[in-house]
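Asks: The structure is given below, and queries will be raised subsequently.
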Amino acid sequence: AQTVTQSQPEMSVQEAETVTLSCTYDTSESDYYLFWYKQPPSRQMILVIRQEAYKQQNATENRFSVNFQKAAKSFSLKISDSQLGDAAMYFCDLNAGNMLTFGGGTRLMVKP
Amino acid sequence: NAGVTQTPKFQVLKTGQSMTLQCAQDMNHNSMYWYRQDPGMGLRLIYYSASEGTTDKGEVPNGYNVSRLNKREFSLRLESAAPSQTSVYFCASSRGYTGNTIYFGEGSWLTVV
Numbered sequence: 001a002q003t004v005t006q007s008q009p010e011m012s013v014q015e016a017e018t019v020t021l022s023c024t025y026d027t028s029e030s031d032y033y034l035f036w037y038k039q040p041p042s043r044q045m046i047l048v049i050r051q052e053a054y055k056q057q058n059a060t061e062n063r064f065s066v067n068f069q070k071a072a073k074s075f076s077l078k079i080s081d082s083q084l085g086d087a088a089m090y091f092c093d094l095n096a097g098n099m100l101t102f103g104g105g106t107r108l109m110v111k112p
Numbered sequence: 001n002a003g004v005t006q007t008p009k010f011q012v013l014k015t016g017q018s019m020t021l022q023c024a025q026d027m028n029h030n031s032m033y034w035y036r037q038d039p040g041m042g043l044r045l046i047y048y049s050a051s052e053g054t055t056d057k058g059e060v061p062n063g064y065n066v067s068r069l070n071k072r073e074f075s076l077r078l079e080s081a082a083p084s085q086t087s088v089y090f091c092a093s094s095r096g097y098t099g100n101t102i103y104f105g106e107g108s109w110l111t112v113v
């Protein structure tokens with residue numbers, strides 16, 4: 001069985017500041033993929049960033065970057081220069097073997 | 001681009017009634033999925049179809065059936081709805097089953113009274 005844990009149910013950040021969302025996972029697979037998805041109030045799920053486990057280099061997408069620590073099975077998301085539009089639920093997703101597992105989500109609030 | 005389209009967007013059912021949620025994707029994706037999301041919780045996989053002609057159970061398949069009608073369409077059926085099936089249902093698709101970005105529909109709000 002594989003698990004994904006997001007230990008922060010809610011996070012808050014001031015506009016223009018930086019925030020890091022945590023995700024830890026467990027899998028026995030050696031090859032897998034990790035994703036962060038964003039779900040704004042509209043409920044539409046949107047891909048934020050993707051990381052292949054065999055790549056040591058951390059993925060980045062504009063203001064979004066990850067800190068992928070394979071040995072520690074940690075996959076945190078850093079949002080720089082936070083904007084009001086970043087306010088949403090964020091879900092960590094593990095795709096390993098023939099299983100897809102989402103974490104319970106972190107609600108990010110952005111204060112103006 | 002339509003992407004993943006699911007219908008209906010909202011539905012109220014009485015306990016014991018049946019209904020089918022329809023889903024279609026226009027991205028020529030091989031894999032399709034049905035998830036449910038309960039209030040304040042993450043997504044749980046109900047069923048998936050890794051490729052046309054195959055379907056497999058996910059984490060919470062009880063009370064549901066699916067049909068991969070063709071490569072584009074993947075429907076979810078509730079044979080006898082129960083209040084515990086009140087949830088938001090998301091259909092999704094991806095190019096392949098492993099390592100590919102999942103594209104989601106906008107969700108279907110289902111209430112069983």
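Chains as they are written, first to last, in the working numbering: chain A, 1 to 112; chain B, 1 to 113.
Glycine is no exception: its CB is placed at the ideal position from the N, C-alpha and C atoms.
At 9 Å on the CB atoms, spell out the chain A contacts of B/L45, in chain order.
Replies: Sequence index remark: in the second sequence, residue 45 of chain B carries index 45 (1-based). Within chain A, the residues near B/L45 are M99, L100, T101 and F102.
Asks: Count Cβ pairs between the stretch 23-34 of chain A and the stretch 17-34 of chain B that sit closer than 8 Å; are there 3 or more?
Replies: Counting Cβ pairs under 8 Å, fewer than three are found: no touch.
Asks: Could you compute how far the alpha carbon of A/N67 sits from the alpha carbon of A/L94?
Replies: On the first sequence, position 67 is the one that residue 67 of chain A refers to. On the first sequence, position 94 is the one that residue 94 of chain A refers to. Roughly 15 Å separates the two Cα atoms.
Asks: Just the Cα atoms here: how many angstroms apart are B/T15 and A/Q8?
Replies: Along the second sequence, one-based indexing puts residue 15 of chain B at 15. Along the first sequence, one-based indexing puts residue 8 of chain A at 8. The straight-line gap from Cα to Cα measures roughly 36 Å.
Asks: List the residues of chain A that B/S90 touches, going by C-beta distances under 9 Å, in chain order.
Replies: Numbered from 1 along the second sequence, position 90 holds the residue referred to as residue 90 of chain B. The identity of residue 90 of chain B in the sequence shown is Phe, whereas the question assumes Ser. In chain order: R43 and M45.
Asks: By the criterion of Cβ-Cβ separation under 8 Å, what are the contact partners of B/M41 in chain C?
Replies: Chain labels in this structure do not include chain C; the protein chains are A and B.
Asks: Along the chain, where does the beta strand (DSSP E) that runs through B/Q6 open and close?
Replies: Mapped onto the second sequence, residue 6 of chain B falls at position 6. Where B/Q6 is concerned, the enclosing beta strand (DSSP E) stretches over V4 to T7.
Asks: Please say whether B/S108 and B/I102 have beta carbons closer to each other than 9 Å?
Replies: The residue labelled residue 102 of chain B in the question sits at position 102 within the second sequence. The residue labelled residue 108 of chain B in the question sits at position 108 within the second sequence. No, Cβ-Cβ distance for B/I102 and B/S108 is not below 9 Å.
Asks: Determine the chain B residues that contact A/E52 at a beta-carbon separation under 8 Å, and present them in chain order.
Replies: For the purposes of this step, residue 52 of chain A is taken as the residue at position 52 of the first sequence. In chain order: G99.
Asks: Rounded to a whole number of angstroms, what is the C-alpha to C-alpha distance between B/E59 and B/Y35?
Replies: Taking the first residue of the second sequence as position 1, residue 59 of chain B is located at position 59. Taking the first residue of the second sequence as position 1, residue 35 of chain B is located at position 35. Using only the alpha carbons, I get a separation of about 9 Å.
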